[in-house]
Amino acid sequence: MTIKPKPTDAEIKAQIMYWGSQQMTYVIRNGLSMARHKGLKTNWVRRQLERLERAGQVKRVPSVYARQICWALVEVVRP
Numbered sequence: 000m001t002i003k004p005k006p007t008d009a010e011i012k013a014q015i016m017y018w019g020s021q022q023m024t025y026v027i028r029n030g031l032s033m034a035r036h037k038g039l040k041t042n043w044v045r046r047q048l049e050r051l052e053r054a055g056q057v058k059r060v061p062s063v064y065a066r067q068i069c070w071a072l073v074e075v076v077r078p
């Protein structure tokens, strides 16, 4: 089993869109982990999402959970 390097911004954004238009932080991490990015920590993924949020590429969206952050792309690109 080979461990891939940390996921790119494009891979993180693609994971948000994988199951729908928005995802919780831990779901994004789990999806990236299944895509051979073993060893990722949820807090690392959250920091990358916060960096993408500051860059205006993703945004936080309302969730029914008080402590879990849900993320969506700012500009959704449909094929």
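Residue numbers (numbering that gives the first Met the number 0): 0 to 78.
Glycine included, each C-beta is placed from N, C-alpha and C at the ideal position.
Predicted, not measured: the structure shown is a model, and the values here were computed from it.
Next item on the list: Could I get the ranges of all uninterrupted beta strand (DSSP E) runs contained in the stretch 6-69, with 3 residues as the minimum, in chain order?
Entry: 21-23 and 57-60
Note to self: Whole angstroms are fine: how far does the CA of V44 sit from the CA of Y25?
What the structure shows: Position 26 of the sequence shown holds residue 25. Position 45 of the sequence shown holds residue 44. Whole-angstrom Cα-Cα distance: 8 Å.
Next item on the list: Tell whether a beta-carbon distance below 7 Å holds between Q67 and M16.
Entry: Counted from its first residue, the sequence shown places residue 67 at position 68. Counted from its first residue, the sequence shown places residue 16 at position 17. No, these two residues do not count as a Cβ contact at 7 Å.
Item checked: Interface flag, G38 vs chain B, CB-CB below 7 Å -> Of the protein chains in this structure there is only one, and it is not chain B.
Next item on the list: Kindly indicate which residue of T7, K58 and Y64 has the alpha-carbon position closest to the one of L31.
Entry: Counting from one through the sequence shown, the residue named residue 31 turns up at place 32. Closest by alpha carbon: T7.
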